[in-house]
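One structure is given here, and the rest of the page talks about it.
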Amino acid sequence: MTTLLVVGLIVLVIGMARTAGDMSAQVGTRDVALPAGATVLETTAADGRLYLTLQHGDGRQSILVLNAQDGRPLGELRLVPGP
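Residue numbers (numbering that gives the first Met the number 0): 0 to 82.
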């Protein structure tokens with residue numbers, strides 16, 4: 000019984016290591032162009048996307064949406080004051 004648990008744990012660790020290795024090989028190093036004067040306030044990842052909250056030089060904020068696999072921009076959400 001103990002042997003079975005140890006073998007299962009080893010298989011789990013090997014699987015996790017392979018998955019982490021595959022992800023780093025897919026992403027590699029990518030340059031992501033930010034708008035001039037913008038800084039990143041926060042980064043969030045979900046559903047294969049990266050969400051970068053940006054502070055622009057003029058004080059505006061926006062959320063830049065990127066494809067997590069290749070860093071390709073998918074869109075930008077501009078945060079504007081409500082009526």
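No residue lacks a Cβ here, since even glycine has one placed at the ideal position from N, Cα and C.
- Under the three-state reduction of DSSP output, V39 falls in the strand class.
- For V64, the enclosing beta strand (DSSP E) stretches over residues 60 to 66.
- Under DSSP, A45 forms a beta bridge with R48.
- Here L49 has L65, A67 as same chain residues with Cβ atoms under 6 Å from its own Cβ, once five neighbours each way along the sequence are excluded.
- L4 carries a helical assignment under DSSP once its states are collapsed to helix, strand and coil.
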